[in-house]
Amino acid sequence: MNKRVQDAEGFRGSVRYEGPIHSKNATTVYWGVEWDDPSRGKHNGESGGVRYFQAAHPTSGSFVLPEKVSLGTGIVDALHERYMQSEALDTRAAGHVGTASGNSKPIQLVGVHKIQEKQDLGVIGKVSAEGSQVAHIGTTGELFRVAPNIVELNLGFNLLASWSEVLKLSAELPLLEHLTLSGNILSYDVDVDAPRVVFPTVHTLVMNQTHTSSWVDLLRICRDHFPALRQLHAASNAITNQAMQLDAASPLSCSSAVEVLDLSHNELSDWSSLTASIGSWPRLHTLSLNGNRLVQVDPPSASSRSFAALSSLSLSDNAIVAWSSVDALNAFPSLEALRLTKNPLLTNVGAAEARMLVVARCAALQVFNSSDIRPKERQDAEQMYLRRILHEQSSLPAGSDKVIQLTHPRLAQLQALYPDIHAAHEAATTGLGTTGSGGGPAALAKSLAKVTFVVMSMNATTMDSMVKSLPLSMTVAQVKAVVEKKYGLRPAEHQLSFRASKKAMPIALDDDGGELGYFGVQDGGELLINDIW
Numbered sequence: 001m002n003k004r005v006q007d008a009e010g011f012r013g014s015v016r017y018e019g020p021i022h023s024k025n026a027t028t029v030y031w032g033v034e035w036d037d038p039s040r041g042k043h044n045g046e047s048g049g050v051r052y053f054q055a056a057h058p059t060s061g062s063f064v065l066p067e068k069v070s071l072g073t074g075i076v077d078a079l080h081e082r083y084m085q086s087e088a089l090d091t092r093a094a095g096h097v098g099t100a101s102g103n104s105k106p107i108q109l110v111g112v113h114k115i116q117e118k119q120d121l122g123v124i125g126k127v128s129a130e131g132s133q134v135a136h137i138g139t140t141g142e143l144f145r146v147a148p149n150i151v152e153l154n155l156g157f158n159l160l161a162s163w164s165e166v167l168k169l170s171a172e173l174p175l176l177e178h179l180t181l182s183g184n185i186l187s188y189d190v191d192v193d194a195p196r197v198v199f200p201t202v203h204t205l206v207m208n209q210t211h212t213s214s215w216v217d218l219l220r221i222c223r224d225h226f227p228a229l230r231q232l233h234a235a236s237n238a239i240t241n242q243a244m245q246l247d248a249a250s251p252l253s254c255s256s257a258v259e260v261l262d263l264s265h266n267e268l269s270d271w272s273s274l275t276a277s278i279g280s281w282p283r284l285h286t287l288s289l290n291g292n293r294l295v296q297v298d299p300p301s302a303s304s305r306s307f308a309a310l311s312s313l314s315l316s317d318n319a320i321v322a323w324s325s326v327d328a329l330n331a332f333p334s335l336e337a338l339r340l341t342k343n344p345l346l347t348n349v350g351a352a353e354a355r356m357l358v359v360a361r362c363a364a365l366q367v368f369n370s371s372d373i374r375p376k377e378r379q380d381a382e383q384m385y386l387r388r389i390l391h392e393q394s395s396l397p398a399g400s401d402k403v404i405q406l407t408h409p410r411l412a413q414l415q416a417l418y419p420d421i422h423a424a425h426e427a428a429t430t431g432l433g434t435t436g437s438g439g440g441p442a443a444l445a446k447s448l449a450k451v452t453f454v455v456m457s458m459n460a461t462t463m464d465s466m467v468k469s470l471p472l473s474m475t476v477a478q479v480k481a482v483v484e485k486k487y488g489l490r491p492a493e494h495q496l497s498f499r500a501s502k503k504a505m506p507i508a509l510d511d512d513g514g515e516l517g518y519f520g521v522q523d524g525g526e527l528l529i530n531d532i533w
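1 is the number of the first residue of the sequence shown in UniProt numbering; add one for each residue after it.
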């Protein structure tokens with residue numbers, strides 16, 4: 001069985017069985033369908049104690065009468081309907097389209113034909129037949145005669161069932177560069193002994209939500225049929241660590257030209273599997289791993305040259321728990337852009353503080369979460385981070401230097417970049433500074449920072465600013481008590497943040513037990529007082 005079907009509500013599925021059902025009329029033919037969306041089904045292919053087929057999900061299977069589902073249409077008919085149909089039929093249901101999270105949602109196309117009715121398919125370069133129930137490419141030459149100049153083709157979420165059918169596009173679209181096949185469940189039924197069919201000009205292949213969990217099979221398809229491939233999108237395919245490891249042990253090497261790889265929303269949790277499988281790709285500069293289960297990032301060894309060209313990395317919505325993974329990014333020689341949100345590491349850290357810490361810990365980063373890092377922002381972040389490290393160091397027992405170096409690998413580099421901060425710390429801890437007469441950590445604990453309290457709360461009894469010298473050993477809770485006395489705001493009613501200058505991003509003082517020195521509070525900065533909403 002190699003049929004794909006769609007019901008009246010837009011749900012798509014694969015026919016796994018054709019024949020009678022034991023509990024039904026023996027002369028009636030049913031189709032056993034495994035639905036892409038398990039919520040559409042009722043069972044796993046077993047009914048009345050009889051196994052008819054094996055579905056992957058306990059509720060993804062059901063039996064339907066053949067006349068209740070559609071086997072789809074040809075691509076030329078679908079394009080005529082979408083681009084050349086009359087305005088009177090300009091609103092229609094388009095079934096269910098997949099989302100980035102792997103779910104599906106119903107969609108309706110309104111006004112598409114009205115916008116495009118005057119376009120000539122013969123000259124259009126970018127064409128979409130997404131969700132149009134396309135099941136086959138048609139007879140030889142049919143598509144070429146209608147639309148020979150297609151450069152970008154979206155066939156996502158249709159009823160294509162095999163690679164042998166997809167490969168027919170090669171002869172029909174000689175200019176094709178970008179092909180989207182997301183949401184199609186394709187079997188590989190190509191005769192390996194036949195002359196190889198290739199897409200010589202396709203540089204972008206989108207294969208999201210295709211149930212292609214075999215990484216080796218996907219790479220083999222790319223190697224055999226897409227020799228010019230530069231971008232591969234394989235999100236939401238349930239690709240596992242084991243699948244990546246199998247590739248690492250295989251002789252496949254089809255990705256010497258791939259520059260962009262999207263493996264978002266799969267089931268990857270082990271960075272070493274990624275390193276073994278794709279770390280050697282020489283041109284890979286953009287890697288998206290959002291929505292996986294990665295716990296940590298390991299630095300590539302200097303001798304391995306792994307991820308040598310990687311300049312952009314997306315790690316949002318993973319399970320990263322330690323700052324060592326951020327520190328490890330310094331070992332990626334070309335990394336300039338990072339996306340990192342929705343990880344346990346950042347759960348209890350405000351957005352501003354998270355940005356400050358990431359910027360300060362990653363020396364070469366130029367873009368964080370799609371926002372450019374300006375030189376002044378980097379300087380402020382690194383100086384605040386350095387003060388925080390030194391404050392932490394002063395609270396540890398003697399002989400803890402190795403612990404600090406392991407926890408903060410950039411310490412020596414930052415001390416060299418900002419010798420004045422380092423010198424002030426040394427002077428304070430040895431009793432040579434002006435902030436105290438004693439030596440050692442006690443002197444630093446008594447050092448002061450002159451700051452300006454800036455009122456932004458609408459509930460304060462006065463809006464006057466206040467300049468005050470505060471001990472860096474003072475806790476946030478103690479500062480809140482000062483605010484209550486001066487401005488009449490109870491601690492539970494306000495929140496504090498600090499910025500080194502008016503142009504700097506405020507850092508939330510979100511730990512009442514934390515000392516001001518830990519948050520990098522320094523002379524000349526501002527303490528902002530806001531209401532809690």
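Ideal Cβ positions, reconstructed from N, Cα and C, are used throughout, including at glycine.
Using a Cβ-Cβ cut-off of 7 Å (strictly less than) and excluding sequence neighbours within five positions of residue i, which residues of its own chain qualify?
i	result
Gly514	Thr475, Val476
Gly350	Ala508, Asp510
For residue i, is the classification buried or exposed, using 16 other Cβ atoms within 10 angstroms of its Cβ as the cut-off for buried?
i	result
Asn241	buried
Pro200	exposed
Tyr518	buried
Glu67	exposed
Val358	buried
Met244	buried
Pro58	exposed
Gly279	buried
Lys126	exposed
Gly131	buried
Met463	exposed
Arg355	buried
Lys24	exposed
Gln413	exposed
Val192	exposed
Val202	buried
His113	Reliability of the predicted coordinates at His113 is poor, the pLDDT of 49 falling under 50, and no value is obtained from them.
Met384	buried
Ser400	exposed
Lys502	exposed
Assuming residue i contacts residue j (C-beta within less than 8 Å), just tell me the rounded distance between them.
i	j	result
Ser256	Pro282	6 Å
Ile507	Ala352	5 Å
Tyr30	Leu71	The Cβ separation is near 15 Å, so there is no contact.
Glu336	Ser316	That belief does not hold up - the Cβ atoms of Glu336 and Ser316 are roughly 17 Å apart, past 8 Å.
Val76	Gln6	18 Å between Cβ atoms; not a contact.
Asp380	Ala504	5 Å
Val258	Leu229	6 Å
Ala309	Leu274	About 15 Å; that fails the 8 Å criterion.
Ala449	Asp523	5 Å
Ala234	Leu263	6 Å
Gln133	Leu159	5 Å
Ser325	Gln296	5 Å
Leu527	Val454	7 Å
Phe63	Ile124	Going by Cβ atoms, the distance from Phe63 to Ile124 rounds to 41 Å, so no, they are not a contact pair.
Val470	Val451	At residue 470 the sequence reads Leu, which differs from the Val that was named. Contact holds; Cβ gap of about 6 Å.
Tell me which same chain residues have a C-beta within less than 8 Å of the C-beta of residue i, skipping the five on either side of it?
i	result
Ala460	Tyr487, Gly488, Leu489, Ile529
Val198	Ser170, Asp224, His225, Phe226, Pro227
Gly45	Arg16, Tyr17, Gly32, Glu34, Arg51, Tyr52, Phe53, Gln54, Ala55, Gly61
Glu363	Residue 363 is actually Ala in this sequence, not Glu. Closer than 8 Å at the Cβ level, and outside the excluded window around Ala363, lie Asn330, Arg410, Gln413.
Arg388	Gly517, Tyr518, Phe519, Gly520
Pro195	none
Can you list, in chain order, the residues of its chain whose CB lies under 6 Å from that of residue i, leaving out five sequence neighbours each side?
i	result
Thr204	His178, Gln231
Ala8	none
Arg40	Phe11
Glu34	Gly13, Ser14, Arg16, Ala55, Ser60, Gly61
Ser236	Gly102, Asn208, Gln209, His265
Asn318	Asn292, Leu294, Asn343
His391	Gly517, Tyr518
residue 550	Nothing can be reported for residue 550, as the shown portion of the chain is limited to 1 through 533.
Lys168	Ile137
Val206	Thr180, Ser182, His233
Measuring from the CB of residue i, is there a heavy atom of the ligand MN at a distance below 7 Å?
i	result
Glu81	This structure lacks the ligand MN, and indeed carries no ligand of any kind.
Contained beta strand (DSSP E) runs [length at least 3] in the stretch 285-353, N- to C-terminal order = 286-288, 312-314, 337-339
key: Stretch pair the stretch 159-176 + the stretch 128-142: three plus CB contacts closer than 8 Å   = yes
Within the stretch 442-507, ranges of the beta strand (DSSP E) (whole runs, at least 3 residues) = 448-455, 466-471, 494-499
inquiry  = As an exercise, report each continuous alpha helix (DSSP H) stretch of at least 4 residues that is fully enclosed by the stretch 138-185, in chain order.
reply    = 142-146, 163-166, 169-172
query = For the stretch 375-419, which segments carrying the alpha helix (DSSP H) assignment without a break, of at least 4 residues, lie completely within its bounds, in sequence order?
reply = Whole alpha helix (DSSP H) segments, 4+ residues: 375-394, 401-407, 411-417.
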